[in-house]
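K.L.:
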Amino acid sequence: MAGYAAPPGQPAPETDHEKIASRALILLREGRYNEAIACYDELLRRFPSYVDGWYNKGIALGEHLHDYEHAIYCYDRGLQLNPMDIDMWHNKGKALYCLARNEEAIQCFDRVLQLNPHYRISLEGKAAALNNMGRFPEAQAVAEHILEMYPPKNIKTWKALSVLAMSLNNQAQHKKAIEAANKAIAINPNDDGIWETKGAALAAMGRYREALGCLEEALKLNPDNRTAEQTRDKVAEILNEFWAGGKK
């Protein structure tokens with residue numbers, strides 16, 4: 205990240221802008237996000253060319269307050285000052301992804317990957333956005349590319365494995381999806397999305413009791429996972445009908 209870019213012919217007032225920036229960063233780290241944003245507003249009013257100020261205000265707005273539209277505005281202002289900032293491009297992509305503006309998100313991730321083809325988190329973001337758009341073979345290819353970058357069981361591969369499992373499941377490759385989900389769970393058993401995908405794949409194969417266990421685990425980890433809840437309810441209904449028919 206670049207810092208303050210002084211206008212041509214004018215010296216940067218280092219003491220003033222660093223003092224305000226330090227106070228804002230402390231507030232951000234303490235979780236006092238609205239106060240941090242107010243501090244960044246003061247900073248950017250006085251020093252509108254301070255790139256880190258736009259970036260960190262975007263973080264406070266997007267990552268913590270889920271105000272993605274205003275976060276994107278901040279990232280755009282920062283990118284006007286430093287169009288080569290891959291972190292700014294990536295975070296703009298994340299904010300667009302959260303707004304379901306997947307095509308625009310992919311454009312941001314692709315910009316990052318032009319600057320750094322091996323930037324894993326942007327590859328992950330692109331794969332997830334492709335999945336959201338129903339472009340499952342492309343998402344699979346990106347996820348497999350990430351996995352080629354790391355040895356098996358590397359902790360950094362669990363998101364790629366999760367995306368891979370989802371893309372495979374949506375292509376009716378349920379057995380392979382379960383294999384990918386199991387690998388992801390072995391690395392990170394606390395991601396509800398992986399359990400949800402595994403449960404959906406098991407249900408598609410008619411393995412309802414196993415599916416129900418996975419979906420219950422997903423909801424234990426994240427009670428707000430509505431997709432897992434809906435799938436769980438459908439699977440439970442199938443099992444209830446099965447048992448009501450006198451079958452074991």
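The numbering used here numbers the first residue of the sequence shown as 205 and each following residue consecutively. Even glycine gets a Cβ: it sits at the ideal position worked out from N, Cα and C.
State the CB to CB distance for the pair residue 292 and residue 279, rounded to an integer number of angstroms; the pair is presumed to be in contact (CB under 8 Å).
P.N.:
5 Å between Cβ atoms; contact.
K.L.:
I'd like the list of long-range same chain contacts for residue 374, defined as Cβ closer than 6 Å, with 5 residues on each side in sequence excluded.
P.N.:
The answer, listed in chain order, is 340.
K.L.:
How would you write the range of the alpha helix (DSSP H) that residue 413 sits in, first residue to last?
P.N.:
It spans 412 to 425 - the alpha helix (DSSP H) in which residue 413 sits, taken as one unbroken run.
K.L.:
From the DSSP output, in three-state form, read off residue 327 for me.
P.N.:
The answer is helix: DSSP assigns residue 327 an H, G or I state.
K.L.:
Run through the segment 366 to 409 for me and flag every whole alpha helix (DSSP H) of 4 or more residues, listed as ranges in chain order.
P.N.:
Segments of the alpha helix (DSSP H) lying fully in the segment 366 to 409: 378 to 391 and 396 to 408.
K.L.:
Identify whether residue 259 lies in helix, strand or coil by the three-state DSSP scheme.
P.N.:
The answer is helix: DSSP assigns residue 259 an H, G or I state.
K.L.:
Starting from residue 304, follow the alpha helix (DSSP H) in both directions and report where the run begins and ends.
P.N.:
Note, residue 304: premise wrong, no alpha helix (DSSP H); not H, not E.
K.L.:
Is the CB-CB distance between residue 424 and residue 390 below 9 Å?
P.N.:
No, the pair does not count as a contact, with Cβ atoms beyond the cut-off.
K.L.:
Report yes or no: do the segment 342 to 356 and the segment 316 to 329 share at least 3 C-beta pairs separated by less than 8 Å?
P.N.:
Taking 8 Å as the limit for Cβ pairs, the verdict is that the segment 316 to 329 does touch the segment 342 to 356.
K.L.:
Quick one: residues in its chain with C-beta nearer than 7 Å to the C-beta of residue 224, no 5 flanking neighbours on either side, listed in chain order?
P.N.:
Excluding residues within five positions, the ones whose Cβ falls inside 7 Å are 243, 246 and 247.
K.L.:
With distances taken between CB atoms, is the gap from residue 257 to residue 295 smaller than 9 Å?
P.N.:
No.
K.L.:
Measuring alpha carbon to alpha carbon, tell me which of 270, 402 and 350 ends up nearest residue 332.
P.N.:
Closest option to residue 332, Cα to Cα, is 350.
K.L.:
Mapping the DSSP letters down to three states, classify residue 249 as helix, strand or coil.
P.N.:
Three-state result, residue 249: helix.
K.L.:
Can you grab the Cα-Cα spacing for the pair residue 308 / residue 275, in whole Å?
P.N.:
Taking the straight line joining both Cα atoms gives about 15 Å.
K.L.:
For residue 235, report the span of its alpha helix (DSSP H) as first-last.
P.N.:
Unbroken run through residue 235: none, as it is neither H nor E.
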